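Worksheet: the structure to be examined is printed underneath.
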Amino acid sequence: MSDIIRVEGLTKRFGTHEVLSGIDLNVRRGEVVCVIGPSGSGKSTLLRCINLLERPDGGAILFEGQDVTALPASRLRASIGMVFQQFNLFSNMTVLRNCMAGQMKVLHRSRQESEDKARYYLEKVGMLPFRDARPAQISGGQKQRAAIARALCMDPKVLLFDEPTSALDPEMVDEVLGVIRNLKGSLTMMIVTHEMAFAYDAADRVVFMDEGRMVEEGAPRDLFLNPRSERTRAFLKRTMRGIGGQVVPVSP
Ligand SMILES: Nc1ncnc2c1ncn2[C@@H]1O[C@H](COP(=O)(O)OP(=O)(O)OP(=O)(O)O)[C@@H](O)[C@H]1O
Ligand SMILES: [Mg+2]
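According to the numbering used here, the sequence shown is numbered sequentially starting from 1356.
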C-alpha cells in the first residue's frame, strides 16, 4: 500500500498557542486510522489542516504526493471529504438535495447524475426512505448517515471523521459506527473518536495524540493492550474506566 497522505513536521498556532507541534504521520491508501487523545490535544485541528479548513503554519501535508496548500480548496475537499460531529447538513434542503448540491456545484455534474448517485449512497446507508425529509425531521443518527452519504457522493479518496458519534444519543451510536465500518476497504479513512471499542475493532492503526504531539501509534492490539508510553497508558486508564480497563471488541 502506498501513502495517500503524508504529514511532515506539521505545526499550527492560534495566536501564541502552539496547538500542533510537529506532527509526522503517513496514511496508506485504504487504511483506517483512528485518532484518539484528550480534549484539546489537537485532533480536530490536525484533520482540519489536512483538508485546509485551517491553514498550517509549518511543515507539509501531501495528498497523493502534492502539497495540499497548492491545490484549489474545493477540489481538495472533494477528494478529502469530512464528516463533522454536528452533521453540518443544510437545514433548508431535503436529505436528497443535501446529497446533490455539492456534486452539481463543485463537480459540475448534471442534476440527473447527481440524483442517481445521491440515491445510490442514501440506499447504502439506509436513508433512501428519508430522502424527502429535512434535517429537522430526522434523528441524529439519521442526520449523520445522511451526512456520510453526502460526503460519499463526492467520490472522495479519503474521508475524515471528527467525532462522528459524539453528538448522538447512545442508542444511535452503533447504527452510525456500523455504516462507517461497512466503508472499510472502499476508501481511506481517518477517524477521530472517543469510541475505544470501535477503534480497537475497526482501525488498522491507532494514533494517540497529547498536547499537540503524536505520542504513540500502532496496531490497535499493541496500542490498547500494550501501550509503550506512560501518557498513553494514563489516558487509556481514564478512558476505559467503567469497562474494567479493558477494551471490549464489539461489532455494531
Ligand atoms: N479557531 C481556534 N482559535 C483559537 N484556538 C483554537 C481554535 N481551534 C482550536 N483551538 C485550540 O486549539 C487546541 C486544540 O483544539 P482541537 O479542537 O484541535 O482539540 P481536540 O483534540 O479536537 O479536542 P476535543 O477532543 O475537545 O475535540 C485547544 O486548546 C483549542 O482551544
Ligand atoms: Mg475535536
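Glycine included, every Cβ here is placed at the ideal spot set by N, Cα and C.
Quick caveat, the model's predicted, so the values are computed rather than measured.
If I follow the unbroken beta strand (DSSP E) through residue i, where does it start and stop?
i: Val1374; result: His1372 to Arg1383
i: Cys1404; result: Element bounds for Cys1404: not the beta strand (DSSP E) but the alpha helix (DSSP H), Lys1398 to Ile1405.
i: Met1544; result: Thr1543 to Val1547
i: Cys1454; result: Taken as a continuous stretch (DSSP letters only), Cys1454 belongs to no beta strand (DSSP E), being part of the alpha helix (DSSP H) at Val1450 to Val1461.
i: Val1570; result: Arg1568 to Gly1573
To the nearest angstrom, report how far apart residue i and residue j are at their CA atoms.
i: Lys1472; j: Ala1574; result: 35 Å
i: Ser1357; j: Leu1431; result: 19 Å
i: Ser1465; j: Leu1538; result: 26 Å
i: Gly1562; j: Met1569; result: The residue you asked about is not Gly; residue 1562 is Val in the sequence shown. C-alpha separation (whole angstroms): 7 Å.
i: Arg1384; j: Leu1483; result: 29 Å
i: Glu1526; j: Gly1496; result: 9 Å
i: Asp1510; j: Tyr1555; result: 27 Å
i: Arg1576; j: Gln1467; result: 46 Å
i: Leu1578; j: Met1544; result: 19 Å
i: Phe1590; j: Ser1399; result: 18 Å
i: Ile1503; j: Val1461; result: 17 Å
i: Phe1439; j: Glu1530; result: 16 Å
i: Pro1607; j: Arg1536; result: Below a pLDDT of 50, predicted positions are generally treated as unreliable, and Pro1607, at 42, falls in that range; the measurement from the model is reported next regardless. Using only the alpha carbons, I get a separation of about 9 Å.
i: Lys1498; j: Ser1521; result: 13 Å
i: Gln1421; j: Val1513; result: 14 Å
i: Arg1368; j: Gly1377; result: 11 Å
i: Ala1491; j: Val1450; result: 10 Å
Within 10 angstroms of its Cβ, does residue i collect 16 or more other Cβ (buried), or is it exposed?
i: Ala1428; result: exposed
i: Glu1478; result: exposed
i: Asp1379; result: exposed
i: Arg1593; result: exposed
i: Gln1441; result: exposed
i: Asp1565; result: buried
i: Ser1446; result: exposed
By DSSP's criteria, residue i is part of a beta bridge. Which residues make up the other side?
i: Ala1415; result: Glu1363
i: Val1390; result: Val1547 and Val1562
i: Val1513; result: Ile1435 and Thr1543
If we cut at 9 Å on Cβ distances, does residue i have a partner in chain B?
i: Glu1478; result: Here there is only one protein chain, and chain B is not present.
Which residue marks the beginning of the alpha helix (DSSP H) containing residue i, and which one marks its end?
i: Thr1594; result: Glu1585 to Thr1594
Contact between the region 1477-1494 and the region 1407-1416 (3+ Cβ pairs under 8 Å) | no
contact_flag[the region 1412-1423, the region 1580-1590] where n(CB pairs < 8 Å) is 3 or more | no
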